[in-house]
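Trainee: As they're listed, the protein sequences go chains A and B.
Following my numbering from start to finish, the first sequence increments by one per residue and tops out at 815.
Following my numbering from start to finish, the second sequence increments by one per residue and tops out at 300.
Positions of the beta carbon are idealized from the N, C-alpha and C atoms, including for glycine.
A single structure is presented below for examination.
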Amino acid sequence: MNHIDVELSNLKVKLMEMWDLVEYQLQSGRDAMLNADQELARKVVKLGKKVNNFDVKIDRMCENLLALYTPVAVDLRLVLATLKINANLERIGDTAEGISMFVQKREVPFNPEMLEITRAVAMFDEALAMFHDCRIAYKANNTDQARALLRRDKMLNKIYRKSDRIIAQYLRANPDSIEEGLILLSIIKKLERVGDQVTNIAEEIIFYQDAKVVKHKSKKKDKENGKENGNGNGNGNNNGNAIS
Amino acid sequence: MSKKNYKLEAKDLNAYYGSFHALKNINIAMEEKAVTAFIGPSGCGKSTFLRTLNRMNDYIEGFRVEGDILLDGRDIYAKDVRVDELRKEVGMVFQKPNPFPKTIFENVVYGLKIQGLKDKRVLAETAEKSLRQTALWDEVKDKLDKSALALSGGQQQRLCIARALAISPSVILMDEPTSALDPISTAKIEELIFKLKNDYTIVIVTHNMQQAGRVSDYTAFFYMGELVEFAKTRTMFTSPKHERTQNYITGRFG
């Protein structure tokens with residue numbers, strides 16, 4: 572392995588370690604929320620410091636790589652993608668912390684009926700599953716899997732869009748649960764953001780592997796891209812006057 | 047052809063040193079008033095190709111060319127082309143600064159004098175203009191009658207560029223023009239290249255990948271006598287099409 576390969580591989584290892592930690596945070600956030608587990612919630616919040624350290628460390632590694640190795644092409648895309656994935660992981664960790672802080676305010680688990688009608692648990696499970704699959708896609712350099720994640724985010728958005736109406740309706744009938752309802756609504760909003768952040772990460776995996784920019788594409792274009800998938804060359808407008 | 051202005055074109059170009067096939071079926075079109083960089087490992091043919099662009103290889107024994115090289119649409123290997131006329135159009139700067147052991151002034155006006163120009167005022171004006179173009183004037187204006195060999199390496203190289211500019215070529219070929227220079231002199235030459243492309247078509251061979259990235263509009267990657275990939279520089283360095291290009295520019299060759 573040459574120097575830059577060693578550095579890039581160290582960078583990937585560091586990012587995976589952070590990923591594991593954030594995944595643990597998010598999973599534990601879910602468990603703490605469902606079981607009103609104060610102890611676990613405290614642990615999740617405490618881990619935030621460790622995640623922040625990873626965040627700083629990975630940024631610094633990217634900075635060094637750019638300064639000392641001037642990476643180009645696929646190497647450059649890896650460094651750029653890592654910078655963004657790092658930022659998104661850190662935000663997902665923050666979300667897990669935020670949820671755990673809500674849990675610390677509560678002494679009993681959420682009302683099962685409210686969880687049921689909002690589909691909050693299904694949403695949490697899907698966010699976790701997406702996050703987990705995203706990690707697999709990153710590790711396996713699998714852009715098909717990454718593309719699939721872009722579509723899965725829609726389910727989270729749907730649950731989120733309906734949630735305020737459902738919760739408002741429930742609270743009208745059960746005014747005693749207002750505080751609980753507001754907290755759940757906040758958690759649902761946070762989970763919707765997790766879906767977006769996983770999507771961002773998936774987009775970076777595609778950028779790194781295929782040199783394609785898929786973010787900010789309209790739905791129509793998304794479909795077109797889906798069709799011409801697989802002839803993975805350049806990012807569209809590289810018609811210099813190559814004659815070779 | 048297409049709407050673009052191509053200054054230099056190679057069509058089905060093959061070159062041989064005796065039985066060695068040095069350039070294999072090269073097809074490339076270089077845009078006018080742009081910088082095109084040739085990159086590739088040693089022995090890949092990039093310098094051979096650069097030197098065929100002003101027929102520098104003509105006197106190498108056993109060297110022969112098949113196919114066409116067009117300058118402004120005209121074949122430079124056609125029988126009626128005079129090589130000295132061609133070189134007025136296509137100037138060249140080499141890896142090692144090679145000023146003549148003469149004064150700074152004599153170096154700059156050398157080409158003009160060879161052409162028979164005697165008018166002292168014109169010579170002086172051209173010398174000043176060329177030295178200004180290469181940002182050397184302020185550094186040497188008080189010692190034009192001193193030996194060019196007393197200048198620093200970076201200044202000598204800029205003098206050689208001034209010498210090439212003095213005969214008003216339209217194309218400047220540069221064969222690793224900064225590989226013998228320190229970073230500051232290199233930066234000055236690169237700045238100069240950037241400025242010169244407003245008026246000249248520039249072709250540069252470089253082993254310095256970052257230099258190709260910084261100074262060129264187009265990059266051509268050669269490997270074992272073949273042109274593997276030719277594209278806009280920013281495409282080559284962000285998303286090259288060919289794996290061999292990617293391996294080379296990321297330093298994973300072989």
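Taking CB distances under 9 Å as the criterion, tell me whether residue 247 of chain B reaches chain A.
Mentor: No, residue 247 of chain B lies away from the interface with chain A (no Cβ there is under 9 Å from its Cβ).
Trainee: Residue ranges of each beta strand (DSSP E) run of no fewer than 3 residues wholly in the segment 165-225 of chain B, ordered along the chain?
Mentor: Counting only runs of 3 or more, we get 217-221.
Trainee: By how many angstroms is the C-alpha of residue 221 of chain B removed from the C-alpha of residue 149 of chain B?
Mentor: Whole-angstrom Cα-Cα distance: 24 Å.
Trainee: Quick one: measure Cβ to Cβ for residue 134 of chain B and residue 215 of chain B, integer angstroms, because I've assumed they're closer than 8 Å.
Mentor: Rounded, the Cβ-Cβ distance is 6 Å, consistent with contact.
Trainee: Does residue 256 of chain B get closer than 9 Å to chain A when you measure Cβ to Cβ?
Mentor: Cβ-Cβ to chain A under 9 Å: yes for residue 256 of chain B.
Trainee: Give the DSSP-derived three-state secondary structure of residue 793 of chain A in the structure shown.
Mentor: A caution first: residue 793 of chain A carries a pLDDT of 49, below 50, which makes its placement in the model unreliable, though a value can still be read off. If DSSP states are grouped into helix, strand and coil, residue 793 of chain A belongs with the helices.
Trainee: In this structure, what does DSSP give as the bridge partners for residue 60 of chain B?
Mentor: Beta-bridge pairing links residue 60 of chain B to B:112.
Trainee: Are the segment 643-650 of chain A and the segment 727-746 of chain A touching by the rule of at least three beta carbon pairs closer than 8 Å?
Mentor: Cβ pair count under 8 Å is below three, so no.
Trainee: With a CB to CB cut of under 8 Å and the five nearest residues on each side skipped, what residues in its chain are close to residue 263 of chain B?
Mentor: Within the same chain, residue 263 of chain B has close Cβ partners 77, 80, 81, 82, 243, 278 and 279.
Trainee: From the beta carbon of residue 297 of chain B, is the nearest beta carbon of chain A less than 9 Å away?
Mentor: By this cut-off, residue 297 of chain B is an interface position.
Trainee: Is the CB of residue 259 of chain B under 9 Å away from at least one CB in chain A?
Mentor: Yes, its Cβ sits closer than 9 Å to a Cβ of chain A.
Trainee: Please compile the residues from chain B whose C-beta is within a distance smaller than 8 Å of the C-beta of residue 654 of chain A.
Mentor: Within 8 Å Cβ-Cβ: nothing; residue 654 of chain A doesn't reach chain B, min ~16 Å.
Trainee: So, for residue 299 of chain B: in the same chain, excluding its five sequence neighbours on each side, which residues have a beta-carbon less than 7 Å away from its beta-carbon?
Mentor: Excluding positions up to five away in sequence, the list reads 87 and 293.
Trainee: For residue 84 of chain B, report the span of its beta strand (DSSP E) as first-last.
Mentor: Residue 84 of chain B -> beta strand (DSSP E) spans 81-85.
Trainee: Between residue 282 of chain B and residue 275 of chain B, which are expected to be in contact by the criterion C-beta below 8 Å, what is the C-beta distance as a whole number of angstroms?
Mentor: Correct: roughly 7 Å between the Cβ atoms.
Trainee: Counting only C-beta atoms, is residue 54 of chain B closer than 9 Å to chain A at any point?
Mentor: Not closer than 9 Å to any Cβ of chain A, the Cβ of residue 54 of chain B fails to qualify, so no.
Trainee: Alpha carbon to alpha carbon, how far is residue 688 of chain A from residue 286 of chain B?
Mentor: The straight-line gap from Cα to Cα measures roughly 51 Å.
Trainee: Do the CB positions of residue 696 of chain A and residue 661 of chain A come within less than 9 Å of each other?
Mentor: Taking 9 Å as the Cβ cut-off, residue 696 of chain A and residue 661 of chain A do not qualify as a contacting pair.
Trainee: For residue 666 of chain A versus residue 597 of chain A, is the C-beta spacing smaller than 9 Å?
Mentor: Cβ distance < 9 Å, so residue 666 of chain A and residue 597 of chain A count as in contact.
Trainee: Across the segment 227-237 of chain B and the segment 49-68 of chain B, are there enough close Cβ pairs to call them in contact, namely three or more that are closer than 8 Å?
Mentor: At 8 Å Cβ cutoff, the stretches do not touch.
Trainee: Return yes when the Cβ of residue 717 of chain A is within less than 9 Å of the Cβ of residue 663 of chain A, no when it is not.
Mentor: Cβ distance not < 9 Å, so residue 663 of chain A and residue 717 of chain A don't count as in contact.
Trainee: Any C-beta of chain A sitting closer than 9 Å to the C-beta of residue 225 of chain B?
Mentor: For residue 225 of chain B, the answer is no, since every Cβ of chain A falls outside 9 Å of its Cβ.
Trainee: Please list the residues of the segment 134-148 of chain B that have a C-beta atom closer than 7 Å to any C-beta atom in chain A, keeping them in chain order.
Mentor: Flagged: no residues at all.
Trainee: Determine, using beta carbons only, whether residue 239 of chain B and residue 250 of chain B come nearer to each other than 9 Å.
Mentor: A contact, by the Cβ cut-off of 9 Å.
Trainee: Residue 105 of chain B: buried (16+ other C-beta within 10 angstroms of its C-beta) or exposed?
Mentor: Classification of residue 105 of chain B: exposed, given that the 10 Å Cβ count is below 16.
Trainee: So with CB distances below 7 Å, who are the chain B contacts of residue 606 of chain A?
Mentor: The premise fails here: residue 606 of chain A is roughly 48 Å from chain B at the closest Cβ pair, so nothing lies under 7 Å.
Trainee: For a test of the three-state rule: what should DSSP assign to residue 149 of chain B, helix, strand or coil?
Mentor: Correct three-state label for residue 149 of chain B: strand.
Trainee: Is it buried or exposed, residue 715 of chain A, if we count other Cβ atoms within 10 angstroms and call 16 or more buried?
Mentor: Looking at its Cβ environment, which holds fewer than 16 other Cβ atoms inside 10 Å, residue 715 of chain A is exposed.
Trainee: In the DSSP assignment, find the beta strand (DSSP E) that holds residue 69 of chain B and state where it starts and stops.
Mentor: Looking at the DSSP string, the run of the beta strand (DSSP E) that includes residue 69 of chain B is 66-77.
Trainee: Would you kindly work out how many angstroms separate the C-alpha atoms of residue 608 of chain A and residue 770 of chain A, rounded to a whole number?
Mentor: Going by the C-alpha atoms only, they are around 29 Å apart.
Trainee: Can you pull out the residues from the segment 93-111 of chain B whose beta carbon lies closer than 9 Å to at least one beta carbon of chain A?
Mentor: Under the 9 Å Cβ criterion, the segment 93-111 of chain B contributes no residue.
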